[in-house]
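A.B. asks: For the sequence shown, the positions run 1 to 86 when UniProt numbering is used. For glycine and all other residues, C-beta sits at the position ideal for the given N, C-alpha and C. Quick caveat, the model's predicted, so the values are computed rather than measured. The following block contains the structure, expressed as structure tokens.
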Amino acid sequence: MPNSLMYMQDNFVVLETNQPEQFLTASELLDKLKIVLEGLNFQDLPPDLQKFDVVEDQAKYLIDTTCSLDIGPGKYLQWYAVRLEK
């Protein structure tokens with residue numbers, strides 16, 4: 001039986017064009033994705049995101065289903081769940 005800790009997504013490492021890697025909590029990543037999504041044209045979003053009218057729903061969907069977002073030519077935004085030990 002899989003350990004439930006494998007499915008916890010409390011922390012993420014975020015990789016972005018011309019930026020150092022960042023470690024964000026789930027709520028911080030949600031806020032970051034909302035800001036990025038608000039800056040993109042609705043028509044430029046992938047079709048699966050266009051079915052959501054609310055930016056927060058789009059951001060939650062991204063966190064739950066993928067680990068990257070195309071934000072333009074030569075640019076990238078990627079995030080990966082990580083477990084941080086103290």
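1. Flag this pair as touching only if the region 15-23 and the region 50-62 have three or more C-beta atom pairs under 8 Å; answer yes or no.
2. Tell me the rounded alpha-carbon separation between Val82 and Gln43.
3. Pull up the distance between the alpha-carbon of Thr66 and that of Gly72, whole angstroms please.
4. Can you give me the C-alpha to C-alpha distance between Asp70 and Gln9, rounded to a whole angstrom?
5. Which same chain residues end up closer than 8 Å to Val36 when comparing Cβ atoms and leaving out the 5 residues on each side of it in sequence?
6. Under 7 Å, do Asn11 and Leu84 count as touching if we go by C-beta distance?
7. How many angstroms separate the CA atom of Leu15 from the CA atom of Lys32?
8. Assuming contact is defined by CB atoms lying nearer than 7 Å, are Glu17 and Lys75 in contact in what I supplied?
9. When you compare the CB positions of Leu29 and Trp79, do they come within less than 7 Å of one another, or not?
C.D. replies: Result, derived from the coordinates:
1. no
2. 32 Å
3. 17 Å
4. 22 Å
5. Leu69, Ile71, Leu77
6. yes
7. 12 Å
8. In the sequence under discussion, the amino acid at residue 17 is Thr, which differs from the Glu named in the question. Cβ atoms of Thr17 and Lys75: closer than 7 Å.
9. yes
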